[in-house]
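Undergrad: Position 137, counted from 1, in the sequence shown is what my numbering calls 175; the numbers after and before it change by one each time, with no gaps.
Beta carbons: idealized from backbone N, C-alpha and C, even for Gly.
Please read these numbers as outputs of a predicted model, since none were measured by experiment.
Below is a structure I'd like to ask you about.
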Amino acid sequence: MIRDITLGQYYQADSVIHRLDPRVKLVATIGFIISLFVVDSWVGYVVAALFLIAMIKLSKVPFRYMVKGMRAIVFILLITVVFNLFLTPGEPLVSVWKLTITKEGLRIAVLMAVRLSFLIVGSSLMTLTTTPNSLTDGMEKLMKPLKYLKVPVHEIAMMMSIALRFIPILLEETDKIMKAQIARGADFESGNLIKKAKAMVPLLVPLFISAFRRANDLAMAMEARCYRGGEHRTKMKPLCYRAADRIAYGVLFLYFAGCVTIGVLL
C-alpha cells in the first residue's frame with residue numbers, strides 16, 4: 039500500500055510532456071482540476087477522460103503506473119461513495135434496513151468517485167513528469183506578482199517543493215520501519231480499527247524522529263552551502279517559453295472552453 043503512492047515521485051522519460059515548461063504543467067493541472075468541478079454531466083467527464091488519457095499517452099508514463107497510485111486512495115473513495123450513496127435525498131431505488139439508496143445519490147456517488155480519481159491521476163501526472171527543482175522554479179515564476187504584496191514567494195515555492203520531494207522519501211522510510219517492526223513480531227493487519235490504530239503508534243514515533251532528523255540535516259546542508267533564497271539568486275536553467283509551450287496553452291484553452299460550454303449547456 040505504501041509503495042503504491044505515486045504522488046511526489048518523478049518518472050524519468052523523454053516525452054513531450056516532460057519537455058514542457060513547468061509553468062505550463064502547473065497551469066494545466068490547476069485548469070484540469072477546476073474543469074472537473076465545472077462539468078456535472080457524463081459528457082463532460084468523457085471529455086475530461088479523453089483529455090487525461092491523451093496526456094498520459096504523450097507523457098510516456100505507463101498506464102499501470104498511474105493506476106497503481108490509485109490503490110492508496112481506495113479507502114477514501116469508498117467512504118465518499120458510501121456517504122453520497124446513502125445520505126443523498128431523492129427518488130428511492132433500493133432500501134436496506136434503515137438505509138435507502140436514491141437515484142440522485144447513485145448518480146452523485148459515481149460522479150464523485152470519477153472526479154476524485156481524475157483529480158489524483160491529473161495531479162500525479164504533473165509530479166511524475168516534473169522534477170522538484172523545475173517545479174520550484176515554475177511556482178516561483180507564476181507567483182512572482184505576489185512579491186509586490188510582500189509575499190515571500192521564493193520561500194513558499196521552496197517549502198512546497200521540499201514537501202513534494204519528501205513524500206516518496208517518507209513513504210520509503212515508513213515501508214522500512216514497517217518491515218523492521220513486522221520482523222520483531224508487530225501485527226498491523228489483524229484486529230478491529232482501534233487495535234490497528236494502537237499498532238500504528240510504534241510506527242509513528244520512529245517516523246517522526248526520522249522526519250525531524252532529515253529536516254535538520256537538510257537545513258544544515260543548505261546553511262553550510264551558504265544558501266540564500268529570494269532576490270539576486272540566479273538560475274542554472276532559466277525558464278523560457280517555446281513554441282510547444284504556446285501550443286500547449288492553446289490546447290488547454292480549447293479544452294477548458296469546451297468544459298465550460300458543456301457545463302453551461304448541460
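What does DSSP give as the partner residue(s) for V134 in the beta ladder?
TA: Here residue 134 corresponds to residue number 96 of the sequence shown, with the count starting at 1. Bridge partners of V134: L137.
Undergrad: Can you tell me whether I35 is buried or exposed, with buried defined as 16 or more other CB within 10 angstroms of its CB?
TA: Because the chain in this structure spans residues 39 to 304, residue 35 falls outside the shown range and cannot be described.
Undergrad: What distance in whole Å lies between the Cβ atoms of I111 and I158, which are believed to be in contact at a cut-off of 8 Å?
TA: In the sequence shown, the residue the question calls residue 158 occupies position 120. In the sequence shown, the residue the question calls residue 111 occupies position 73. With a Cβ gap of about 6 Å, I158 and I111 count as contacting.
Undergrad: Suppose you measure from the CA of L154 to the CA of L115; what does that come to, to the nearest Å?
TA: Your numbering for residue 154 matches position 116 in the sequence shown. Your numbering for residue 115 matches position 77 in the sequence shown. If you take the alpha carbons of L154 and L115, they lie about 8 Å apart.
Undergrad: Let me know if T272 comes out buried or exposed under the rule of 16 or more other beta-carbons within 10 Å of its beta-carbon.
TA: Here residue 272 refers to the residue found at position 234 when the sequence shown is read from its first residue. Burial call: exposed.
Undergrad: Nearest by alpha-carbon distance to L180: which of I300, Y49 and L64 is it?
TA: For the purposes of this step, residue 180 is identified with residue 142 of the sequence shown, where counting begins at 1. Nearest C-alpha to L180: L64.
Undergrad: Reducing DSSP to helix, strand and coil, say where T118 ends up.
TA: The count along the sequence shown starts at 1 and reaches residue 118 at position 80. DSSP places T118 in helix when its eight states are reduced to three.
Undergrad: Going by beta-carbon coordinates alone, are I247 and L163 separated by less than 9 Å?
TA: For the purposes of this step, residue 247 is taken as residue 209 along the sequence shown, with counting starting at 1. For the purposes of this step, residue 163 is taken as residue 125 along the sequence shown, with counting starting at 1. Against a cut-off of 9 Å, the Cβ pair of L163 and I247 comes out as no contact.
Undergrad: Using three-state DSSP, classify K233 as helix, strand or coil.
TA: Translated into positions along the sequence shown, residue 233 becomes position 195. K233: helix per DSSP, three-state reduction.
Undergrad: Determine the direct distance from the alpha carbon of A201 to that of A87, and round the result to whole angstroms.
TA: On the sequence shown, position 49 is the one that residue 87 refers to. On the sequence shown, position 163 is the one that residue 201 refers to. Distance between the alpha carbons of A87 and A201 is about 28 Å.
Undergrad: Classify S97: buried if its beta carbon has 16 or more other beta carbons within 10 angstroms, exposed otherwise.
TA: Your numbering for residue 97 matches position 59 in the sequence shown. Burial call: buried.
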